[in-house]
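**Q** Take this structure, written in structure tokens, and hold onto it; I'll ask about it next.
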Amino acid sequence: MLKAILFDLDGTLVNTDPLHYQTWQEVLRDYGMEIDRTFYKAKISGRLNPVIIQDLLPQLSFEAGQQLANSKEARFREIALSLYRQKAEGRPEFIRGQKVY
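Now the structure itself:
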């Protein structure tokens with residue numbers, strides 16, 4: 044009996060970079076920053092959230108930066124889960140019925 048399935052999602056089944064880009068656009072807009080794809084690739088993509096926040100918003104306290112990182116990840120998960128549900132019909136049967144953690 045199959046108990047678990049583990050995937051490396053970034054680049055294997057799903058490319059989440061566009062979702063991170065969208066999320067960072069939303070989050071940074073609240074701080075008066077508009078970013079484009081070039082800025083995202085140069086300053087954000089592939090970096091850890093705390094480092095990104097410290098570089099882009101150095102005026103934030105450590106606690107505010109942590110809160111922003113948590114908010115960004117929560118928003119990313121909302122967007123990703125919404126897309127996951129929308130595209131469930133396109134996945135193979137063995138994936139379609141699995142729980143999302």
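Per my numbering, the sequence shown runs over residues 44 to 144.
All residues carry an ideal CB built from backbone N, CA and C; glycine is no exception.
Here the structure is a predicted model, which is why all the values come from computation and not from measurement.
Short of 6 Å in beta carbon distance, which residues of its chain neighbour VAL70, apart from the five on each side in sequence? Order them along the chain.
**A** Excluding positions up to five away in sequence, the list reads LYS115.
**Q** Is THR59 closer than 7 Å to ARG118 when the C-beta atoms are compared?
**A** Taking 7 Å as the Cβ cut-off, ARG118 and THR59 do not qualify as a contacting pair.
**Q** Is ASP98 helix, strand or coil when you go by DSSP?
**A** In this structure, ASP98 counts as helix in the three-state DSSP scheme.
**Q** Assuming GLY108 and PRO93 form a contact by the criterion Cβ under 8 Å, report the distance between their Cβ atoms to the nearest whole angstrom.
**A** That belief holds up - the Cβ atoms of GLY108 and PRO93 are roughly 6 Å apart, short of 8 Å.
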